Every structure is written in C-alpha cells, then in structure tokens.
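Report on the following structure.
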Amino acid sequence: MATRLGDWIDQRSGWRDTWNRVFLAKVPAISWGHTLGAATLVAVVILIVTGVLLTVYYVASPADAHASVQYINNSVPFGWLIRGLHHWAASALVVLAVAHLIRVILHGAYKYPREFTWFTGIALLLLVFAFGLTGSLLPWDQRAYWATQVRIEIFATVPMIGDWLARFIQGGEELSGLTLSRFYAAHVWLFPLLLIGLVLIHLRLVVRHGVSARPRDDRRRRTRAGHL
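Per the working numbering, the sequence shown runs over residues 500 to 727.
Set out below in structure tokens:
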C-alpha cells in the first residue's frame, strides 16, 4: 500500500528523483570543514523557530519593548531558554558563515561551475550581518540603543550617500521609535523572506553541482583520468 502510494505521488511530483539527488548522491572525500554549511543551516533553523516563539510576546514599541523582553526572560515558561538559544544561535551563525566562506575560498569552491553558488552565498552572508544589525536594537535598552547609534554613524561615513543612508536606516534625523519599527519589520518579515528564498536557491545549486573536493583531490582525479 505504501509503495503504491509512493509511486502515485512520485508520478505526479517526481519526489524520488529529488530524494536521490539530495540524500543518495555520491560525494568526494570530505573533511570536517565541509560540514560548516550544514551547521550554518542548523543555526538558521534554530533562529527561525526561536524567533517565531519570541514574536508571540515581544512588543515593538519604545514604551514596551524592553519590558516585553524582561517579561520573556523572567515570566514566560522557558522564555529565558528560548531567548538564550536565539542569542547564541545568532552569534554562532556569524562565526559559522564566515568560517564556511573561508573554507570555500581555500578549496576554490567559488570557481566554475559554482559561481552562482558563490554569489548566493555572499548575499546570504550580507543578509546575516543585516539580521545582526536589526536584531541588536530590539531589546531597546541602553546597550542596544548606543550600539545601533554607532553602527548608523558608520553608515553615515559612506561617501556621497552616507547622510541619506543613515536617515533612511533610522527613519529620520535621529534614532527613534520609527527606527525600532523599521528594524522590527525588516528583522521579522523582510529579511526572513529573503533568507528562505536565498537558502533554497543556494541549496538547489549545491545539489546541482555537488560538493567540491579539496584542490589536491581534484588534481589527483584529473591526473588519473589522463593516464586512462
């Protein structure tokens, strides 16, 4: 019965081909460095799950934002754990994403035919930094306020468009409740949509081109192929 149902679904969706490409594909000899991409994806999943749970109690207004964070930490069952997981997963995501980027560069995995995979990876890395910028303000305490103020002043130093960029980011001439609303909307709605789309494209390209081997392994395979 299960086989017939699987065949019926496969004829209409082609799920078996996708399953074979993702889970049964042959990969070259890999090292622990090749697990950084998967570890980064795990951090993303943790952030999405904990982020959804945090939005249930978080209030994005200058009057209530800090109080809602304290309520999550002190009154919501396991709220401290959920916020802690979100905080440390965000820190781990930055470290893992940068380490993954370094591994790709060292192994030459940005070269043909994986250029588009590289481009989407760079876009994802920039998006990770954007998540960090917007998320750091949401607790709306002194540390979050002044850290965000410093970052915005750094954007203001960009030649020609710095002043406009700073005003656009903070929604006016100074950091205010409008800045908090903008950061919350970007952090919870805009950036997650971009993240999910880019991750799906990135994974699709990884499945298409496979996992890149270390450069010396590629040279060995080409040398063997030349002798045959």
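Every residue, glycine too, gets a C-beta built ideally from N, C-alpha and C.
Because the structure is a prediction, the values reported are computed rather than measured.
Item checked: Between the CA atoms of Val603 and His533 - distance to the nearest angstrom -> Taking the first residue of the sequence shown as position 1, residue 533 is located at position 34. Taking the first residue of the sequence shown as position 1, residue 603 is located at position 104. Rounded to the nearest angstrom, the two C-alpha atoms are 9 Å apart.
Margin query: With a threshold of 8 Å, are at least 3 pairs of Cβ atoms found where one atom belongs to the region 577-589 and the other to the region 536-556?
Written below: Yes: at least three Cβ pairs fall under 8 Å.
Notebook entry, point to check: Taking the continuous alpha helix (DSSP H) assigned at Arg520, which residues delimit it?
Noted result: Working through the sequence shown from its first residue, we reach residue 520 at position 21. Taken as a continuous stretch (DSSP letters only), the alpha helix (DSSP H) holding Arg520 covers Trp514 to Phe522.
Next item on the list: Specify the secondary structure class of His708 as computed by DSSP and reduced to three states.
Entry: Reading the sequence shown from its first residue, position 209 is the one you call residue 708. Helix, per DSSP.
Check: In its own chain, which residues sit with a C-beta less than 8 Å from the C-beta of Gly578, not counting the 5 before and 5 after it?
Finding: Position 79 of the sequence shown, counted from the start, is the residue given in the question as residue 578. Around Gly578: Tyr556, Tyr570, Ile571 and Asn572.
Checklist line | Inter-residue Cα distance where the pair is Ala537 and Leu689 | finding: Working through the sequence shown from its first residue, we reach residue 537 at position 38. Working through the sequence shown from its first residue, we reach residue 689 at position 190. For Ala537 and Leu689, the distance between alpha carbons rounds to 23 Å.
Note to self: Is the separation between the beta-carbon of Val698 and that of Val543 shorter than 8 Å?
What the structure shows: Here the question's residue 698 lines up with position 199 in the sequence shown. Here the question's residue 543 lines up with position 44 in the sequence shown. Yes, Cβ-Cβ distance for Val698 and Val543 is below 8 Å.
Margin query: Between which residues of its own chain and Trp617 is the CB-CB distance below 8 Å, once the five residues before and five after are set aside?
Written below: By one-based count along the sequence shown, residue 617 stands at place 118. Result list for Trp617: Val603, Ala608 and Tyr609, in chain order.
Next item on the list: Throw me the rounded Cβ distance for the Gly634 and Ala589 pair, which I believe falls under 8 Å.
Entry: Here residue 634 refers to the residue found at position 135 of the sequence shown. Here residue 589 refers to the residue found at position 90 of the sequence shown. By a beta-carbon distance limit of 8 Å, Gly634 contacts Ala589. Their separation comes to about 6 Å.
Note to self: Taking the beta carbon of Leu677 as the centre, do at least 16 other beta carbons fall within 10 Å, making it buried, or is it exposed?
What the structure shows: For the purposes of this step, residue 677 is identified with residue 178 of the sequence shown, where counting begins at 1. Answer is exposed; the Cβ neighbour count stays below 16.
Check: What is the rounded straight-line gap between the Cα of Asn519 and the Cα of Val705?
Finding: What you label residue 519 is simply residue 20 of the sequence shown in a count that begins at 1. What you label residue 705 is simply residue 206 of the sequence shown in a count that begins at 1. Taking the straight line from one Cα to the other gives about 14 Å.
Margin query: Using a 10 Å radius around the Cβ and a threshold of 16 neighbouring Cβ atoms, would you call Gln641 buried or exposed?
Written below: Within the sequence shown, the letter at position 142 stands for residue 641. Flag for Gln641 reads exposed.
Margin query: I believe Val627 touches Ala596 by the beta-carbon criterion, under 8 Å. Please report the beta-carbon distance rounded to the nearest angstrom.
Written below: Position 128 of the sequence shown, counted from the first residue, corresponds to residue 627. Position 97 of the sequence shown, counted from the first residue, corresponds to residue 596. With a Cβ gap of about 5 Å, Val627 and Ala596 count as contacting.
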